[in-house]
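Q:
Number of protein chains: 2
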Amino acid sequence: MSRTLHLNAFLMSTGHHEASWRLPESDPRAATDVEHFKALARTAERGTFDSLFLADGPVLWGDVAQRPAGVIEPLTLLTVLAATTEHIGLIATASTTYNAPYNLARRFASLDHVSRGRAGWNIVTTAGQAAARNFGLDDAPEHASRYERAAEFVDLTLKLWDSWEDDVYVGDKDLGIWGDQRKIHPPRHQGRYFSVEGALNIPRSPQGYPLLVQAGSSEDGKDFAARYAEAVFTAQQTLEEARAFYGDLKGRTLATGRDPEGIKILPGLVPVIGSTEAEARRRDAELEELITYEHGQLRLAELLQVPVEELGLDAHLPEDLPPSDRINGAQSRYELVVELARREHLTVRELIGRLGGGRGHRTFAGTPEQVADEIELWFTGGAADGFNIMPPVLPSGLELFVDEVVPILRRRGLFRTEYVPGETLRERYGLPRPADRAARGAHHAARTRDHEAPITLGSLS
Amino acid sequence: MSRTLHLNAFLMSTGHHEASWRLPESDPRAATDVEHFKALARTAERGTFDSLFLADGPVLWGDVAQRPAGVIEPLTLLTVLAATTEHIGLIATASTTYNAPYNLARRFASLDHVSRGRAGWNIVTTAGQAAARNFGLDDAPEHASRYERAAEFVDLTLKLWDSWEDDVYVGDKDLGIWGDQRKIHPPRHQGRYFSVEGALNIPRSPQGYPLLVQAGSSEDGKDFAARYAEAVFTAQQTLEEARAFYGDLKGRTLATGRDPEGIKILPGLVPVIGSTEAEARRRDAELEELITYEHGQLRLAELLQVPVEELGLDAHLPEDLPPSDRINGAQSRYELVVELARREHLTVRELIGRLGGGRGHRTFAGTPEQVADEIELWFTGGAADGFNIMPPVLPSGLELFVDEVVPILRRRGLFRTEYVPGETLRERYGLPRPADRAARGAHHAARTRDHEAPITLGSLS
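These protein sequence lines are chains A and B, in that order. As numbered in this note's numbering, residues 5 to 465 make up the first sequence, in order. As numbered in this note's numbering, residues 5 to 465 make up the second sequence, in order.
(1) Jot down the residue ranges of each uninterrupted alpha helix (DSSP H) in the stretch 13-66 of chain B, minimum 4 residues, whole runs only, in chain order.
(2) For ASP143/A, decide whether its Cβ has a neighbour in chain B, counting only Cβ atoms nearer than 9 Å.
(3) Taking Cβ to Cβ, would you say PHE237/B is nearer than 9 Å to GLN211/B?
(4) Who are GLN194/B's beta bridge partners in DSSP?
(5) Considering only residues of the same chain and omitting the five flanking positions on each side of LEU461/A, which have a CB-CB separation below 8 Å?
(6) If contact means a Cβ-Cβ distance below 8 Å, which residues of the stretch 401-435 of chain B contact chain A?
(7) Does GLN241/A pass the burial test, meaning 16 or more other C-beta atoms within 10 Å, or should it be called exposed?
(8) Taking just the CA atoms, how far does PRO191/A sit from ALA450/A?
(9) Check the Cβ of ASN138/A against every Cβ in chain B and list those closer than 7 Å, keeping chain order.
(10) Nearest CA to the CA of ILE331/A: which residue from LEU15/A, VAL352/A and ALA305/A?
(11) Would you decide whether GLY385/B is buried or exposed? Buried here means 16 or more other CB atoms lie within 10 Å of its CB.
(12) For the alpha helix (DSSP H) containing ARG415/A, name the first residue and the last one.
(13) For PHE368/B, list the residues DSSP reports as bridge partners.
(14) Buried or exposed: where does SER279/B fall if 16 or more other Cβ atoms within 10 Å of its Cβ makes it buried?
(15) Let me see if you follow: with CB-CB separation under 9 Å, is VAL128/A close to chain B or not?
(16) Alpha carbon to alpha carbon, how far is VAL410/A from TYR250/A? Give it in angstroms, no decimals.
(17) From LEU270/A, LEU413/A, LEU317/A and THR367/A, pick the residue whose C-alpha is nearest to that of THR351/A; which is it?
(18) Hey, how far is the Cα of GLY121/A from the Cα of PRO326/A?
(19) Report the neighbours of TYR173/A on chain B: residues whose CB is nearer than 7 Å to its CB, in chain order.
(20) Span of the alpha helix (DSSP H) holding ASP159/A?
(21) What is the rounded straight-line gap between the Cα of HIS455/A and the Cα of ARG430/A?
(22) Return the chain-ordered list of same chain residues with a C-beta closer than 6 Å to the C-beta of MET16/A, the five sequence neighbours on each side being excluded.
(23) Buried or exposed: ASP224/A, going by 16 or more other Cβ atoms within 10 Å of its Cβ?
(24) For the ligand FMN, any of its heavy atoms closer than 8 Å to the Cβ of GLY361/A?
(25) Among GLY401/B, LEU307/B and HIS91/B, which one has its Cα closest to the Cα of GLN133/B?
(26) Using a beta-carbon distance below 9 Å, is HIS21/B in contact with chain A?
(27) By the criterion of Cβ-Cβ separation under 8 Å, what are the contact partners of SER114/B in chain A?
(28) Smallest Cα separation from ILE412/B: which of ASP377/B, GLY220/B, PRO396/B and ILE393/B?
(29) Would you call the stretch 152-168 of chain B and the stretch 252-261 of chain B touching, i.e. three or more CB-CB distances under 8 Å?
(30) If we ignore side chains and look at the alpha-carbon of each, how far apart do TRP125/A and TYR106/A end up?
(31) Under the rule that 16 or more other beta-carbon atoms within 10 Å means buried, what is ALA13/B, buried or exposed?
(32) Checking the sheet assignment: what are the DSSP bridge partners for SER209/A?
(33) Could you tell me if ALA457/B is buried or exposed, where buried requires 16 or more neighbouring beta carbons within 10 angstroms of its beta carbon?
(34) In the DSSP assignment, find the unbroken alpha helix (DSSP H) run with THR97/A in it and report its ends.
(35) With 9 Å as the threshold, decide whether the Cβ of PRO28/A is near any Cβ in chain B.
(36) Tell me LEU270/B's beta-bridge partners as DSSP assigns them.
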């Protein structure tokens, strides 16, 4: 195949549909059952998925009466899955607002070592007052300053991952010389948000850097992605919107001097699969019936930052919502939801129903052939390099996708039939391993002579 | 057996002897090889050890030329071992000075969930300027303030672990009610060092709290241990010193209102095992010959906070060393080293040789019978509840201990022959599971009526 589809499995307790835990087949305590996730990872690996992904926020959201609450911390869970899988990539969400760079750089380098090059970091800035108040702040820093901090955090983290050259190890037992201290490069970073003096206490990891992933689609988010991200998860409701986003982000990436091929764009897809289209639609409707609309109303009011009394279930959204740049939270999610409601003239009840499946991500109900057609259409139509697959119900939705849709994609030559043994996550996404400081120094000298544009992430630090 | 010996395996790259990496049998890169640790964990589990333990500091120490450098972050490594073992406890070191309580409480609760109740936390305050400078500080906070912060950190962490009662889960699919919000208790903590508003985002873990471990032996450290610790790792060179420490710490524990049985004291032991005593001594001497004394001199100067020029290799320690309360670092290690040198009239060279084996922990060279005799003598002689076993060379030193010493301890009825299926680490150490807030509230009311003294950790929060 000339261009390979990338598929990421976004894992979440009983599935992405908010009512999935109420189905007879579901275990409502799946979120903290490590065996549930081990089985999901095995299924995804059987389907030769590129990677697994876990979202995260350091906060207990809302009311535990309303929906399943409590999760295993993502890096911990993915470390277990590193030990119980062989090939699949492991992408954990972690916040640049509520972590110390030295600690987080260590943890991702450690996951990369123990998984032999399969770690990825979904970089988030973490909106919301509730999270802030778990870390000694009254409220979250405002949107732009969170992104400014995130940029310094990532720059510094790259320096930490580069604080060892690849070949520090000497291993001369006779002379008693273990390594070459000249190949250790302490960051000596003094920035606006952080200062970190010393080198990391772990050798450079198999991938050099874990795969860098990003999912914010606000203006700040897209600029951040263009500068740093190698894979982007995004919520896009229509082919046209997805094409516009794809073109915009590839353009911004080029404008930073990076190769647009170096950033893979994966829209979210909630596939509701049936053996006929009617069966798929019935499954979707069954799930929608289990939604508790009063809870949805509360959450929508929170997202839109309006009093819940202004959101009548059978009315349309109020006309006078605040402009998105006044939202110090999930700006791009806010815009997507308002745009969806206005475009399709949805009532609040209908909007909650649409959001219940994938929290703003696209739900598509159909036969395996129809799901594969949609994937192919977006993939070949300039809208996607792959998909972030968000099964509405787990484990059954992932099993269906792997058993029914993946074989079709393989027959069409769109998707791999097996893993390349020993391949890192970065290699699977078609991305180069960042050279270490010594090699980059030499390369940089050569590049300067040739007046070539810097195109690798390595040029960032 | 009436009283059970507790054995913890302290794992460290190629072993605890600083020159162990130079032996022909050793892999100098073992510290970042996850397969090395998986094999060690299997060996320790074959020997029915209580637990594994990993030390930690968030810093790259010294010069990589001098000795193996770089480690897998301990909670990450122990999470891998949780997935590849069944019974053994998993004790990770983590700093109260360089972590956020919400993050660390989540990580330990997560490890406890994925290991089904086998997590332990070795609480450290982390001395030294180098670590401080990796976290935006010019120098470490002084000794007493580190311990004050540690106490608030642990109090708050206990509140976070108690922020869910055990039975929050309701799981009524028909009514759409997942849990009982009245059983969630946000800490709403506003302290001197931390403020944390919300509940943890993970249910109460199998053990309630992970096993709480501590290893500082300064005055501050012993007071801290008396208040919080359930297991204590300590360096004791002689039976008399160990007895004094044991009695002192059990007494301090009683003075805080806790049951002295609720704190298990495990001195470190570096067993150098030979089929004859002469062979054991030869092994010890071979290791000592591989020590690089110039490196030892630098490290000793750092510990004692004197210029290296004042430490002649064939001279004794200077008479005018600073008093230990002037040392803003590892105070108890400082005292132990100075005391050892003075008591045995050691030259700097001899002292470095003695410290090379176990960094101040006791080295004992002998036959398996002799090692078992020593263990029995200390265990029955009021000096130890068990031992922190620190093999000088790994993996061979752990294999020797498991194959040669453990069977003797078992024959003498001192040590278990098999694990109790499903037993938690806390149960193995003979400690109660802390009751949740609801049960403790009820118990507390009953206790107040009966005028009983509070004796469980639960009474701390």
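Virtual Cβ for every residue (Gly too), placed ideally from N, Cα, C. The model shown is predicted, which means the values in this text are computed figures rather than measured ones.
A: In brief:
(1) 38-50
(2) no
(3) no
(4) SER199/B
(5) Note on LEU461/A: pLDDT 43, under 50, position unreliable in the model; the coordinate value appears next. Excluding residues within five positions, the ones whose Cβ falls inside 8 Å are LEU162, TYR213, LEU216, TYR232, GLU234, ARG262, GLY266 and PRO438.
(6) none
(7) buried
(8) Summary for ALA450/A: the model assigns pLDDT 43, below 50, so the residue's position carries little reliability; its value from the coordinates is reported in the next sentence. Each residue's Cα considered, the two are about 24 Å apart.
(9) TYR106, VAL200, GLU201 and GLY202
(10) ALA305/A
(11) exposed
(12) 410-415
(13) PRO275/B
(14) exposed
(15) no
(16) 24 Å
(17) LEU317/A
(18) 44 Å
(19) ARG33
(20) 147-165
(21) With a pLDDT of 37 at HIS455/A, under the threshold of 50, the modelled position of this residue cannot be trusted; read the value that follows with caution. When rounded, the distance between both Cα atoms is 27 Å.
(22) none
(23) buried
(24) Absence of the ligand FMN from the depicted structure is noted, as is the absence of any ligand whatsoever, leaving it without description.
(25) LEU307/B
(26) no
(27) ILE76, GLU77, THR80 and LEU81
(28) ASP377/B
(29) no
(30) 15 Å
(31) buried
(32) GLY212/A
(33) Low per-residue confidence applies at ALA457/B: pLDDT is 37, beneath 50, and the placement is therefore not dependable, though the value from the model is reported in the following sentence. The residue in question, ALA457/B, is exposed, as its Cβ has fewer than 16 Cβ neighbours within 10 Å.
(34) Run containing THR97/A: none in the alpha helix (DSSP H); it sits in the beta strand (DSSP E), 93-99.
(35) yes
(36) PHE237/B
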